[in-house]
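Asks: Numbering (the numbering used here), first residue to last: 623 to 778. Backbone N, C-alpha and C define an ideal beta-carbon position, used for all residues, glycine too. Note that the structure is a prediction, hence the values are computed from the model and not measured.
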Amino acid sequence: MNNKTLVTVIAVALLVGGGVYAWLYHSHENNADHEAHAAHAHDTAAPPLVNGQRWETDEALRTSMLKIRDAASQQQGAALASTTKAQVDYMITHCKLDSQADAALHGIISQLLTGADMLNKAPDSPDGVERIQHALQQYPDYFNHPDFLVNEAVAK
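#1: By Cβ distance below 7 Å, which residues in the same chain neighbour Leu671 in space, the five residues on each side in sequence not counted?
#2: What span of residues does the alpha helix (DSSP H) with His716 cover, start to end?
#3: How long is the line joining the alpha carbons of Leu758 and Ala703, rounded to whole angstroms?
#4: Starting from Pro745, trace the alpha helix (DSSP H) both ways and give me its first and last residue.
#5: Between Arg684, Asn742, Ala700, which lies nearest to Tyr712 when the distance is taken from Cα to Cα?
#6: Determine the DSSP secondary structure at Ala772, reduced to helix, strand or coil.
#7: Just the C-alpha distance for Thr695 and Gln722, rounded to the nearest angstrom, thanks.
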């Protein structure tokens with residue numbers, strides 16, 4: 623990614639992630655129907671497909687997503703948050719995707735960062751884990767990553 627793209631990715635991820643985070647917590651305080659709100663939040667973060675084709679990936683993206691997937695089945699709380707954030711940082715720094723694929727990745731990054739932030743604030747947060755799990759489950763639907771399977775422990 624060039625510097626302009628990197629700044630854009632970070633800014634969009636922080637804005638979208640922060641907005642989803644604020645919306646989600648505001649909803650929890652004012653509405654007992656958490657599942658409906660969580661489902662809506664997940665839907666709004668879905669990256670777009672063009673003509674039904676999944677976006678191509680590069681080695682940096684595949685490596686980061688595999689490490690996050692593995693961490694999600696082996697780690698909890700602050701450790702999972704730390705690994706997720708470190709891998710998102712690596713992905714942002716090293717990915718060389720075309721601009722449309724890069725833009726589509728923002729929805730996945732937003733969910734990962736929001737989940738990590740939730741876990742940093744409340745290490746036992748089921749919502750934080752759920753957010754990371756949802757991003758991992760959504761990723762292969764939108765990105766061409768051969769043999770990327772979400773572990774059963776993650777898909778709970």
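Replies: In short:
#1: Contacts found: Tyr764.
#2: For His716, the enclosing alpha helix (DSSP H) has its first and last residue at 699–716.
#3: Rounded to the nearest angstrom, the two C-alpha atoms are 14 Å apart.
#4: For Pro745, there is no enclosing alpha helix (DSSP H), as DSSP gives it neither H nor E.
#5: Looking at the Cα atoms, Arg684 is the closest of the given residues.
#6: Looking at the sequence shown, residue 772 is not Ala but Val. When secondary structure is reduced to three states using DSSP, Val772 falls in the coil class, being assigned neither helix nor strand.
#7: Looking at the sequence provided, one finds Ser at residue 695 rather than Thr. Approximately 30 Å between the Cα atoms of the pair.
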